[in-house]
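S.K.:
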Amino acid sequence: MTNDLPDRLSIDPDSPHYDEAALADGVGVRFKGEEKTNVEEYCVSEGWIRVQAGKALDRKGKPLTIKLKGPVEVYRKAPEDDEEA
Numbered sequence: 000m001t002n003d004l005p006d007r008l009s010i011d012p013d014s015p016h017y018d019e020a021a022l023a024d025g026v027g028v029r030f031k032g033e034e035k036t037n038v039e040e041y042c043v044s045e046g047w048i049r050v051q052a053g054k055a056l057d058r059k060g061k062p063l064t065i066k067l068k069g070p071v072e073v074y075r076k077a078p079e080d081d082e083e084a
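Counting from 0, one number per residue, gives the positions in the sequence shown under numbering that gives the first Met the number 0.
(1) Taking the beta strand (DSSP E) that residue 20 belongs to, which residues open and close that run?
(2) When the distance is taken between beta carbons, is residue 35 closer than 8 angstroms to residue 48?
(3) Terminal residues of the continuous beta strand (DSSP E) containing residue 53?
(4) If I follow the unbroken beta strand (DSSP E) through residue 67, where does it start and stop?
(5) Roughly how many whole angstroms lie between the Cα atoms of residue 29 and residue 40?
(6) Quick check on the burial criterion: 16 or more other C-beta atoms within 10 angstroms. Buried or exposed for residue 14?
(7) Is the beta carbon of residue 50 closer than 8 angstroms to that of residue 71?
(8) Whole angstroms is fine: what's the gap from residue 59's alpha carbon to residue 19's?
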């Protein structure tokens, strides 16, 4: 696996932007300079993230999300970061 992360990535297995290999390595997202742990999907080139909107679910049982726009930085998490969490 290369160190390059995809421009767009989703944690939903039904999404065309889902990449299990990239997620298995651990991906960190920094949005507007702040670390985010509740990101459902991101796009670096378009500058947005999708986060869950409360506990509401759609009719298929998936969480409702909202799109937040701003600068997005993604990086690979170090193995020790996962152990501390």
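In this text, a Cβ means the ideal position worked out from N, Cα and C, and glycines have one as well.
M.R.: Reading it off the structure:
(1) Per DSSP, residue 20 belongs to no beta strand (DSSP E); it is in the alpha helix (DSSP H), 19–24.
(2) Between residue 48 and residue 35, the C-beta gap is smaller than 8 angstroms, which places the two residues in contact.
(3) Looking at the DSSP string, the run of the beta strand (DSSP E) that includes residue 53 is 47–56.
(4) First-last of the beta strand (DSSP E) with residue 67: 62–68.
(5) For the pair residue 29 and residue 40, the Cα-to-Cα distance works out to about 13 angstroms.
(6) exposed
(7) Not in contact: residue 71 and residue 50 (Cβ atoms no closer than 8 angstroms).
(8) 22 angstroms
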